[in-house]
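Residue numbers (the numbering used here): 455 to 773. Where a beta carbon is used, it is the ideal one built from N, C-alpha and C, also for glycine.
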């Protein structure tokens with residue numbers, strides 16, 4: 455059992471090294487970012503505890519995946535398997551329990567602990583063949599795939615919007631919209647297989663413009679019900695609400711430019727910090743957007759076939 459957790463730590467350390475950050479620094483930054491986001495959520499809304507509980511539940515659900523647990527059950531005897539699952543869930547629950555208890559949310563902390571213990575003996579079935587309908591088309595696929603993958607987080611955003619309207623809490627309603635837009639950005643954060651870029655007969659500029667235009671349209675489609683609800687129930691928000699879609703659109707452009715500036719590799723720690731800077735310090739978008747746009751062009755020029763000979767059907771580079 456000890457070797458299992460040592461292996462998990464080694465895997466995490468290697469991921470951090472691949473992102474260009476020392477493991478110890480990654481742990482420190484991770485803890486600081488988690489605490490900072492929790493404190494920010496509590497300062498903005500009185501429903502932050504429920505959001506923290508939802509995130510903790512999502513992580514516990516991931517640990518309870520059937521394929522993962524079937525592998526553990528085959529590898530270890532029953533007693534060791536139970537200890538591993540209890541210890542895993544305890545490690546995941548601990549930071550959430552600390553925050554909830556520190557903020558006086560005793561009932562939510564009790565629920566978090568109870569769910570952690572209960573889910574240590576639960577194996578969630580894999581996704582069924584049923585396909586969740588989405589308001590998006592098949593291109594680009596990120597929106598449809600992200601919606602189906604995180605549909606329950608979209609449902610949480612809708613729930614927070616309804617709670618904000620019922621409680622006459624404009625800040626909570628706006629928070630639900632902001633959370634939804636952040637979730638939509640995450641749909642586009644992971645690089646697709648290089649082949650899905652290589653099949654486009656576009657120049658790098660055409661590819662980015664086409665990708666961004668469709669992505670912005672889907673983003674607006676997802677945001678319209680929230681924006682209409684906020685304006686209807688909180689008319690005092692006025693025209694200032696239009697800042698939200700503008701900032702969301704600019705950050706969507708930023709995450710696309712960043713993704714294709716390092717394509718086909720995932721975002722490293724520096725690029726992730728640049729993305730967070732654009733989300734928090736909006737004026738920096740004026741510098742980040744052109745910087746990453748011009749960095750993405752030569753990368754896409756290698757991946758796209760438009761600039762190569764029509765007789766040269768080389769496969770896309772994957773490294």
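Report the residue from the options whose alpha carbon sits nearest the alpha carbon of residue i.
i, options, result
"residue 786", "511, 508, 538, 527", "Beyond the ends of the chain as shown, which are 455 and 773, falls residue 786; an answer cannot be given."
"residue 518", "506, 535, 503, 502", "535"
"residue 640", "569, 702, 481, 656", "702"
"residue 487", "730, 526, 755, 751", "730"
"residue 574", "525, 663, 542, 682", "542"
"residue 618", "564, 675, 686, 562", "686"
"residue 683", "606, 623, 571, 558", "623"
"residue 497", "561, 557, 621, 460", "557"
"residue 681", "552, 632, 555, 757", "632"
"residue 679", "628, 749, 508, 728", "628"
"residue 719", "604, 504, 753", "753"
"residue 630", "461, 467, 505", "505"
Can you grab the Cα-Cα spacing for the pair residue i / residue j, in whole Å?
i, j, result
"residue 479", "residue 463", "14 Å"
"residue 489", "residue 566", "17 Å"
"residue 736", "residue 569", "38 Å"
"residue 747", "residue 597", "21 Å"
"residue 707", "residue 626", "26 Å"
"residue 554", "residue 508", "12 Å"
"residue 606", "residue 600", "11 Å"
"residue 562", "residue 459", "28 Å"
"residue 467", "residue 502", "30 Å"
"residue 500", "residue 648", "44 Å"
"residue 581", "residue 523", "With a pLDDT of 49 at residue 581, under the threshold of 50, the modelled position of that residue is not reliable, and no figure is offered here."
Is DSSP giving residue i helix, strand or coil here?
i, result
"residue 439", "The requested residue 439 does not occur in the structure, where the chain is confined to residues 455 to 773."
"residue 705", "helix"
"residue 755", "helix"
"residue 574", "coil"
"residue 716", "coil"
- Just checking, does the stretch 709-726 make contact with the stretch 462-482 on the three C-beta pairs under 8 Å criterion? yes
- Message: Closer than 8 Å is the cut-off here; do at least three beta carbon pairs connect the stretch 634-641 with the stretch 512-532?
- Response: no
- Stretch pair the stretch 680-697 + the stretch 647-664: three plus CB contacts closer than 8 Å: Judged by Cβ distances under 8 Å, the stretch 680-697 makes no contact with the stretch 647-664, as fewer than three pairs qualify.
- Message: So within the stretch 473-542, which uninterrupted alpha helix (DSSP H) runs reach at least 4 residues, ignoring any that extend past its ends?
- Response: 477-498, 502-517, 520-529
- Query: How do the stretch 701-720 and the stretch 732-751 stand: do at least 3 beta-carbon pairs fall below 8 Å, yes or no?
  - Reply: yes
- Message: Tell me whether the stretch 658-677 and the stretch 611-618 touch, counting them as touching only if at least three CB pairs, one residue from each stretch, are closer than 8 Å.
- Response: Contact fails between the stretch 658-677 and the stretch 611-618, because fewer than three Cβ pairs, one in each stretch, are under 8 Å apart.
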